[in-house]
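K.L.:
Okay, handing you the structure first.
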Amino acid sequence: MASTSSSSGSIVYTYKKLVVPVSMRSIYWKYFGFPASETGEIITKLKIICILCKSQIAYNKNTSNLRMHLQNKHLPELIKIESQMAVDNTGKPKVVKKPIKLKNEIPLGVEETLGNNEEFYISEESSQVFQIEENDVDEDNVYSQVTKKMFPHVTAEESKSITDAIANFIIADLQPPQVVDGRGFQRLLVTLKSPCEIPSTMKLTYDLIPKIYKTTKENLQAEIYNLTSDFGLTLEEWTSINNQVFLTISVYYQNANNTAEYKVLSTVHVSPTTDSTSWEHIFDSILSEWNLDFSKITAITFATNREEILAALFNKGYTLVPCLEHTIKECTRLCFEQDVIKEVVCKVRGIISTIFRTPNAWDSLLIQESTTEIEGNLQLDNENFLMSTLNMIEQFVARRSIIENILQEHIEFPMKNGLELLESEWELLQDVINVLEPFKVTLMTLSEEKIPLISLLKPLLWQVINNKLNVKDTDSVTLLSLKKIIVDHLRFRYNDEQISTLLQIATMLDPRFKLLPYSSEEEKNSTGDIIKEMLTKIIEEHGPPTEEPVEKKHRISGMELLLGNYSFKKVKVDPSENASIEYNQFYNDAAAPLDSCPIQWWTTNRSKYSNLALLADKYICMPACATFPGKISVDTQNSFYVKRSSFTTDHNLLDKVLFLHANQSPL
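Sequential numbering from 1 applies to the sequence shown in the UniProt record's numbering.
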């Protein structure tokens, strides 16, 4: 007899098999069955289950709803069985087959909800595995060909291997668990591995992924709980395709092996009704959960403009640094929001779309491109990722002669109406490229770093503002205006005294950049004095005791009697003097190569600058960006953002999958 349990007025049945009584001989029963106990006893006849899609269907004592379900959901299978029935009726003796028995080795659940409108819900507790006895189905039936490959002789080890691989696939590629319900996905697995067992959506959602999350989180907590050094936090706001807003919170620190580490802690749903006080409690809760001491937070790199979130952090006394990648996005948005630019970009999209959907124009584009050495492809942008818009404009301008030729030769009126660009519009597109190209190079520089550190900010901003965006006599009126808008925004974001001081210290302690002319000598000297003051405190805290040890009296030797008056006594050095000596030695030492790792440099030279290394640990590991490391390049970023924003599942599962996606070792 099947086991039952009740909860909240509901009765839950657990069944082992799907069976069809012998008396039910309709061909449509081939794909349906009643839930039954291990002995074959039917538990309930109120609902039947489709073995193709696992849907539950009300049983009304005839097969009309069975056929209707096949017609709406599984038309190929319906055609096959009805075609076979037609063949059977052409004079051949009709063979009555045994009733179909669908076996499932792992329990599934049927939940009965009591009330005026009774409904039953099939909740699978485990994997989607069915077996149809070979004698009970036609050999040419599509589903039988698949299911016979899916189940027989699957060992526990093979089943676990496949199940783990599917779970890791969902985590690594940010795929919704519902992907396992797709028949295409199931057929793919059967083709690659026969036999195989596919975990259900519910098993992935409520069992497999939570278990992986629990194990990974416990291991990470064991590491972070022992963290004694200072660390940095990042906050990244992002929006899903269904307009739900989330905030991903991450930590950056230096591990015991003197390597920079980055870990996602949590992804929180952002409610518009959450005020700053509530956000303070949220941040306190997350820090407490990970045993992180808020007093050891060097700074927080943020990629959000929500006032309530920033107010909560400001009220806690944290130093807040704008994310460089987020700031670049804002500058790009300010550029493309200009009406005159917006209008021309829309025209560019129209020209590209027209060429793509006109066969002769498309063929001509391919032929003419083959005779040039233009790198990259002409393609439409993703309007949500404005760097892809810059790429589109660059590729468009690079093919100016080709596009003008195609518009002249292969596009006719009225399709060509309003698509031809004026000379002033071509110049405008070039101005956009000139003003935004430095940011593209900056993102490329950041993407080359394993973790872009905050010490990069000052040199990169100095290079962009004072070199790339410097005003020139040849600049057009539009270009001058765009440069001013962007430079003003950059200075507004980073010229705060607290932020500027933090960036100066981090850059001065980076052996790659300490000698670069990213600021005036006066600013460098002022920053040097701040570093010496902090270094003095470190020396006082970690230096030898101030009281001289009491020396034991010993017999005076003849040498001491003769030359004792001329011997040198130990002179106690002031901590501030020690700090100046150590800092000046570091500053005057040769700069490290620009492609070297500052953390490794400090590890190698720790014995040489023992006190300054402790100060460097505090500032070097701070990130310049809140974006996931490795997701900064334009192509990678677009792909990642599309996948993440499309993961429209419950918030709890989203938090777990993003946590595992970022923190698990690469497959």
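Beta carbons are placed, not taken as given, at the ideal position from N, Cα and C, and that holds for glycine.
The beta strand (DSSP E) that contains residue 668, what's its start and end?
P.N.:
Missing from the structure shown is residue 668; the chain here goes from 1 to 667 and no further.
K.L.:
For PHE439 and CYS331, which I take to be in contact (beta-carbon distance under 8 Å), what is that distance rounded to the nearest angstrom?
P.N.:
Contact flag correct, Cβ pair sits at about 6 Å.
K.L.:
Could you tell me which uninterrupted alpha helix (DSSP H) segments, each at least 4 residues in length, are contained entirely in the segment 444-478, listed from first to last along the chain?
P.N.:
Fully enclosed alpha helix (DSSP H) runs of 4 or longer: 457-463.
K.L.:
Find the nearest neighbour of ASP381 within the set ASN663, ASN60, ASP635 and ASP650, judged by alpha-carbon distance.
P.N.:
For ASP381, the nearest C-alpha among the options comes from ASP635.
K.L.:
Grouping DSSP H, G and I as helix and E and B as strand, with all else coil, what is THR39?
P.N.:
Coil, per DSSP.
K.L.:
Quick one: Cα of LYS30 to Cα of THR248, how far?
P.N.:
The alpha-carbon atoms of LYS30 and THR248 are separated by roughly 49 Å.
K.L.:
Helix, strand or coil for residue 676, going by three-state DSSP, please let me know.
P.N.:
There is simply no residue 676 to check, as the chain begins at 1 and stops at 667 in what is shown.
K.L.:
When the cut-off is 7 Å and only beta carbons count, does ASN417 lie next to chain B?
P.N.:
Absent from the structure: chain B. Only one protein chain is present.
K.L.:
Using the C-alpha atoms, what's the distance from PHE246 back to TRP238?
P.N.:
C-alpha separation (whole angstroms): 6 Å.
K.L.:
Could you give the distance in angstroms between the alpha-carbon of ILE465 and the alpha-carbon of PHE396?
P.N.:
Near 27 Å, if we compare the C-alpha coordinates of PHE396 and ILE465.
K.L.:
Find out if the Cβ-Cβ distance for the pair LEU320, PHE302 is shorter than 7 Å.
P.N.:
Their beta carbons are under 7 Å apart, which means LEU320 touches PHE302 by this criterion.
K.L.:
So for TYR28, helix, strand or coil by DSSP?
P.N.:
Three-state result, TYR28: helix.
K.L.:
What does the alpha-carbon distance come out to for the pair residue 680 and ASN588?
P.N.:
Only positions 1 to 667 of the chain appear in this structure, which leaves residue 680 out of reach.
K.L.:
Measure from the alpha carbon of ILE618 to the alpha carbon of each residue in ASN60, ASP284, ALA299 and TYR59, then state which is nearest.
P.N.:
Reading off the sequence shown, one finds Lys at residue 618, where the question assumed Ile. The shortest Cα separation from LYS618 among ASN60, ASP284, ALA299 and TYR59 belongs to ALA299.
K.L.:
Are there 16 or more other CB atoms within 10 angstroms of the CB of GLY317, so buried, or fewer, so exposed?
P.N.:
Under this definition GLY317 is an exposed residue.
K.L.:
Based on the DSSP output, what are the partners of TYR252 in its beta bridges?
P.N.:
DSSP lists GLY232 and TYR262 as partners of TYR252.
K.L.:
Kindly list the residues whose CB is nearer than 6 Å to the CB of residue 674, restricted to its own chain and excluding five residues on each side of it in sequence; keep chain order.
P.N.:
Nothing about residue 674 can be read from this structure; the chain reaches only from 1 to 667.
K.L.:
Just to confirm before moving on: does the CB-CB distance between TRP601 and ALA590 stay below 7 Å?
P.N.:
Taking 7 Å as the Cβ cut-off, TRP601 and ALA590 do not qualify as a contacting pair.
K.L.:
Taking 7 Å as the cut-off, decide whether the C-beta atoms of ILE454 and MET202 are in contact.
P.N.:
The answer is no: Cβ separation not under 7 Å.
K.L.:
Quick one: measure Cβ to Cβ for TYR583 and ILE531, integer angstroms, because I've assumed they're closer than 8 Å.
P.N.:
That pair is a contact at about 6 Å.
K.L.:
Indicate whether ILE485 and LEU390 have their beta-carbon atoms separated by less than 7 Å.
P.N.:
Contact flag unset, no.
K.L.:
Please classify PHE336: does DSSP put it in a helix, a strand, or coil?
P.N.:
Here PHE336 sits in helix by DSSP.
K.L.:
Using only the alpha-carbon positions, how far apart do GLU427 and LEU174 sit?
P.N.:
Roughly 41 Å separates the two Cα atoms.
K.L.:
What residue from MET24, ILE451, GLN463 and LEU490 has the CA that sits closest to ASP595's CA?
P.N.:
When only C-alpha atoms are compared, the closest one is ILE451.
K.L.:
How far does the beta strand (DSSP E) with GLN56 in it extend, from its first residue to its last?
P.N.:
First-last of the beta strand (DSSP E) with GLN56: 56-58.
K.L.:
Is DSSP giving TRP290 helix, strand or coil here?
P.N.:
Of the three classes helix, strand and coil, the one that applies to TRP290 here is coil, per DSSP.
K.L.:
Since LEU66 sits in a beta bridge, which residues does DSSP pair it with?
P.N.:
DSSP lists no partner for LEU66.
K.L.:
Do you know how far the Cα of LYS61 is from the Cα of VAL129?
P.N.:
Only weak support is given to the placement of VAL129: the predicted model assigns it a pLDDT of 40, under 50, and the question is left unresolved by the model.
K.L.:
Could you name the residues of the same chain whose beta carbon sits closer than 6 Å to that of ASN578, not counting the 5 residues immediately before and after it, in chain order?
P.N.:
Only ILE539 meet the Cβ criterion.
K.L.:
Compare the beta carbon distance of PHE231 and TYR253 with 7 Å and say whether it is the shorter of the two.
P.N.:
Going by C-beta atoms, PHE231 is nearer than 7 Å to TYR253.
K.L.:
Please state whether DSSP places VAL321 in a helix, a strand or coil.
P.N.:
Correct three-state label for VAL321: strand.
K.L.:
Does the segment 350-362 come close enough to the segment 502-512 to have 3 or more Cβ pairs within less than 8 Å?
P.N.:
No: the two stretches stay apart, fewer than three of their Cβ pairs being nearer than 8 Å.
K.L.:
With distances taken from CA atoms, which of ASN243, PHE294 and ILE620 is nearest ASN384?
P.N.:
Here the closest residue by C-alpha is ASN243.
K.L.:
Leaving out the 5 sequence neighbours to the left and right, which residues in its chain are closer than 7 Å to ILE341 when beta-carbon positions are compared?
P.N.:
Excluding positions up to five away in sequence, the list reads CYS335, LEU428 and VAL432.
K.L.:
Who does PHE34 pair with in a DSSP beta bridge?
P.N.:
According to DSSP, which records beta bridges pairwise, PHE34 is partnered with VAL19.
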